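*Asks:* Questions regarding the structure given below will be posed in turn.
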Amino acid sequence: METIGDLEHRVGQLIREARLGRDTTQSDLARASDLSLSALQNLENGRGVKLETFLRALRALDRLDIIDSLDEGYSELSPMEALRLSKNKPARPQRASRRTR
Numbered sequence: 000m001e002t003i004g005d006l007e008h009r010v011g012q013l014i015r016e017a018r019l020g021r022d023t024t025q026s027d028l029a030r031a032s033d034l035s036l037s038a039l040q041n042l043e044n045g046r047g048v049k050l051e052t053f054l055r056a057l058r059a060l061d062r063l064d065i066i067d068s069l070d071e072g073y074s075e076l077s078p079m080e081a082l083r084l085s086k087n088k089p090a091r092p093q094r095a096s097r098r099t100r
């Protein structure tokens, strides 16, 4: 299983490759995405950044389709499946009783 650091590194590589594929400098992408140059560099280098930074860079690169790929393999439940599952829901958990002192 990949560590969070590994995943951050992969995300950074993805952004870098998309930027280079558009023949865009880091400075130009930082300006276009309304990010500081250091924030973009941190993103590309796999250092922890906010989700907002990642999304701004994707939008500036016109690559929001990457977000859509997160849905791959996800299938909507049919109405009948949803009904069947709702009938099998476990009972709502009870609250702890209040103790009086």
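Following numbering that gives the first Met the number 0, the numbering of the sequence shown begins with 0 at its first residue and continues without gaps.
Glycine included, C-beta positions come from ideal geometry on N, C-alpha and C.
This structure is a prediction, so every number in the text was calculated from the model and none was measured.
If you reduce the DSSP assignment to three classes, tell me which class E1 lands in.
*Replies:* coil
*Asks:* If you follow the alpha helix (DSSP H) that N44 is in, where does it begin and where does it stop?
*Replies:* Looking at the DSSP string, N44 is not in any alpha helix (DSSP H), and its letter there is neither H nor E.
*Asks:* Could you pull the start and end residues of the alpha helix (DSSP H) that L28 belongs to?
*Replies:* In this chain, the alpha helix (DSSP H) harbouring L28 covers Q25 to A31.
*Asks:* Can you tell me which of the three DSSP states V48 falls into?
*Replies:* coil
*Asks:* Does the Cβ of P7 have 16 or more other Cβ atoms within 10 Å, making it buried, or fewer, making it exposed?
*Replies:* Sequence check: residue 7 is Glu here, not Pro. Looking at its Cβ environment, which holds 16 or more other Cβ atoms inside 10 Å, E7 is buried.
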